[in-house]
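Enquirer: Just so we're aligned, residue 836 is where the sequence shown starts under the numbering used here, counting upward by one. Glycine is no exception: its CB is placed at the ideal position from the N, C-alpha and C atoms. Only a predicted model underlies this, so the values are computations on that prediction, with no experimental measurement involved. Once you've had a glance at the structure underneath, I'll fire off some questions.
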Amino acid sequence: MTDNKKTPIDYEVVKSVIDKSGFEKVGKASIREIKFLIDNIEKQTGDKFIRMEMGIPGFPAPQIAVDAEKKALDEGCASMYPDIDGIPELKNEISRFVKNFIDVDVAPKYCVPTVGSIHGNFATFMVAGRMNKEKDTILFIDPGFPVHKALVKMLGLKMDTLDVYNYRGEKLREALESKLKDGKVSTILYSNPNNPSWICFTEEELKIIGELSNKYGVVIEEDLAYFAMDFRKDLSVPGEAPFQPTVAKYTDNYILMISSSKAFSYAGQRVGMMVMSEKLFNSEHKDLLDYYSSANFGHSVAYGTLYASTAGVTHSAQKGLAALLKATNDGVYKPWEVVRKYGDRAAKAKKLFTENGFSIVYDKDQEAPIADGFYFTISYPGFEGFDLVEELMYYGISAISLAGTGSERTEGLRACVSFIADNQFPILEERLKAFKANH
Ligand SMILES: Cc1ncc(COP(=O)(O)O)c(C=O)c1O
């Protein structure tokens, strides 16, 4: 542990902010709480941290979308309710997008915008979690995004988790099957690429998940918040392979959640895309009648939950996203040319961390080295994650512990690259060298 040694950020200031915070362990604080502490240290010392704690987009929103929103507002869309299940032009573009970049055919009817993809999770957990009284559990393939678990808790559903670290490839089948055998699981959720580990499931693994979905009648919620951001492959050409890998190739019991927040740098407008398979959308479940006017899955999602919770997505945001998707579908705009810079930053940052004694925790997709993307995971010999979060604060580096993400690798931290400025890499290097020298 650093003990009054010379540290890049004033030792006394960091210590006093930590002591005053009242946390038993500061590394256990939530992301927002850590942000608050770091803001405070930065203010007191005048030193800038390498901010890696929050997963927020680091690029401006695309002008095409901003212009389309302005135009729609000038034309008066603000006074009119949009359709609950999405305005037709957006539904069409989502359907085209799914065909162009995932190579899956889904009619516009089954493509529904939501208030951020998280709202789609809310609506579908609510329906999928109640459509069969026997199936009251949501299974997470972890590590994962803590908000998903908060949703399950809020909805009074049960949850189970599986840390995928030791179950890559064919091993995933047995591990998942052991969780599904008792017939309690209604839904499996995972993100791909994964927040926080940046694992990208292989076709073999997606096939296993799809096969088990069919065998046990389980809905798969595939969270594509980081759509086509596995930069090892160029997934960005409309209508041309390779495509964003998906479980939709292996089961027709799926819901795809496609966030506009990260791949399209459109987080502020809170508009995401929910794509349901035709079969699931049209399926009937009599237990839904306890909650909704219809036993129909899609009806209960759109005209039950979405209506009663938000009555649709802000009209202008739908117009903005429709314009953005149209340009992307037409090949006129390439969102991944912007966001692939996250991958370049991750490659540089990972190199600096590993050169200075850190290890990448989730380091492989089966045999292949993990991709460089929005997040990566790190550990340092002799440290538990909670303690490492705290220790790094003295070195002007902020990150969060993996413990809150459902990971069993409690020695690990999640680091997000979205806010590292290009001119900060020499500073990061200096600070990591100082860390290594002191440990
Ligand atoms: C895995 C994952 N899913 C969903 C979201 C949220 O997406 P949205 O902003 O569309 O609600 C995030 C954002 O960090 C995420 O990491």
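(1) How many angstroms separate the CA atom of isoleucine 873 from the CA atom of glycine 1139?
(2) Which residues does DSSP list as the beta-bridge partners of methionine 961?
(3) DSSP three-state call for arginine 1105: helix, strand or coil?
(4) For phenylalanine 1254, collect the residues of the same chain with a Cβ closer than 6 Å to its Cβ; drop the 5 residues on either side in sequence, then sort them by chain order.
(5) Checking 8 Å against the spacing of the C-beta atoms, do arginine 1249 and alanine 1234 come in under that value?
(6) Can you give me the start and stop residues for the alpha helix (DSSP H) that leucine 1237 sits inside?
(7) Taking its Cβ as the centre, do 16 or more other Cβ atoms sit within 10 Å of methionine 989, making it buried, or is it exposed?
(8) Assuming contact is defined by CB atoms lying nearer than 8 Å, are proline 1028 and alanine 1203 in contact in what I supplied?
(9) Would you call the CB atoms of leucine 1047 and leucine 1015 closer than 8 Å?
(10) Looking only at its chain, what residues have a beta carbon closer than 8 Å to the beta carbon of valine 1106, apart from the 5 residues adjacent to it on each side?
(11) On the three-pair Cβ rule with 8 Å, is the region 992-1009 touching the region 971-979?
(12) Per the DSSP calculation, glutamate 1119 is bridged to which residue(s)?
(13) Express the C-alpha separation of phenylalanine 1062 and arginine 1003 in angstroms, rounding to a whole number.
(14) So tyrosine 1000 packs on tyrosine 1197, CB below 8 Å; how close in whole Å?
(15) Just the C-alpha distance for phenylalanine 1260 and phenylalanine 1218, rounded to the nearest angstrom, thanks.
(16) Along the chain, which unbroken stretches of the beta strand (DSSP E) at least 3 residues long are found entirely within the region 1200-1224?
(17) Nearest by alpha-carbon distance to arginine 965: which of Ser856, His1120 and Cys1251 is it?
(18) For phenylalanine 936, which of helix, strand or coil comes out of DSSP?
(19) Would you mind stating whether lysine 1169 and glutamate 928 have Cβ atoms separated by less than 8 Å?
(20) Can you pull every residue whose C-beta falls closer than 5 Å to some heavy atom of ligand 1, listed in chain order?
(21) May I ask you to verify whether the region 1167-1187 touches the region 940-947, counting CB pairs closer than 8 Å and requiring at least 3?
(22) How many whole angstroms separate the CB atoms of serine 1242 and aspartate 998, which I take to be in contact at a CB cut-off of 8 Å?
(23) Rounded to whole angstroms, what is the Cα-Cα separation between phenylalanine 1132 and aspartate 1058?
(24) With distances taken from CA atoms, which of Gly1052, Asn1191 and Ala900 is nearest threonine 1163?
(25) Straight-line CA distance for methionine 889 to glycine 1018?
(26) Would you tell me roughly how many angstroms separate the C-alpha atoms of alanine 1146 and aspartate 1200, rounded to the nearest one?
(27) Pull up the CB-CB distance for valine 1053 and serine 1021, whole angstroms please, since I reckon it's below 8 Å.
(28) Check this for me: beta carbons of alanine 1158 and isoleucine 919, under 8 Å apart or not?
Expert: Reading off the structure:
(1) Taking the straight line joining both Cα atoms gives about 42 Å.
(2) Under DSSP, methionine 961 takes part in no beta bridge, so it has no partner.
(3) Arginine 1105 falls in the coil class under three-state DSSP.
(4) Taken in chain order, the residues that qualify are Arg886 and Gly893.
(5) Between arginine 1249 and alanine 1234, the CB-CB gap stays under 8 Å.
(6) Counting along the chain, leucine 1237 falls outside any alpha helix (DSSP H), and DSSP gives it neither H nor E.
(7) Flag for methionine 989 reads exposed.
(8) Not closer than 8 Å, so no.
(9) Leucine 1015 is positioned such that its CB atom lies closer than 8 Å to that of leucine 1047.
(10) Excluding residues within five positions, the ones whose Cβ falls inside 8 Å are Pro948, Thr949, Val950, Gly951, Ser1095, Val1148, Thr1149, Ala1152, Gln1153, Gly1155 and Leu1156.
(11) Yes, the region 992-1009 touches the region 971-979.
(12) For glutamate 1119, the pairing in a beta bridge is given by DSSP as Asn1131.
(13) Distance between arginine 1003 and phenylalanine 1062, taken at the CA atoms: about 21 Å.
(14) Correct: roughly 7 Å between the Cβ atoms.
(15) Approximately 24 Å, taken between the alpha carbons.
(16) Unbroken beta strand (DSSP E) runs of no fewer than 3 residues, entirely contained in the region 1200-1224, are found at 1210-1214, following chain order.
(17) Looking at the Cα atoms, His1120 is the closest of the given residues.
(18) In the three-state reduction of the DSSP assignment, phenylalanine 936 falls in the helix class, which pools H, G and I.
(19) Between lysine 1169 and glutamate 928, the C-beta spacing is not below 8 Å.
(20) Every residue with a CB closer than 5 Å to a heavy atom of ligand 1 is listed here in chain order: Gly890, Gly951, Ser952, Ile953, Phe980, Ser1026, Asn1030, Asp1058, Ala1060, Ser1094, Ser1096 and Gly1107.
(21) Flag = no, the region 1167-1187 and the region 940-947 do not touch.
(22) The pair is a contact, with the Cβ atoms about 6 Å apart (cut-off 8 Å).
(23) Going by the C-alpha atoms only, they are around 19 Å apart.
(24) Of the candidates Gly1052, Asn1191 and Ala900, the residue whose Cα lies closest to the Cα of threonine 1163 is Ala900.
(25) Cα-Cα distance, rounded: 37 Å.
(26) Using only the alpha carbons, I get a separation of about 40 Å.
(27) About 7 Å; that satisfies the 8 Å criterion.
(28) No, these two residues do not count as a Cβ contact at 8 Å.
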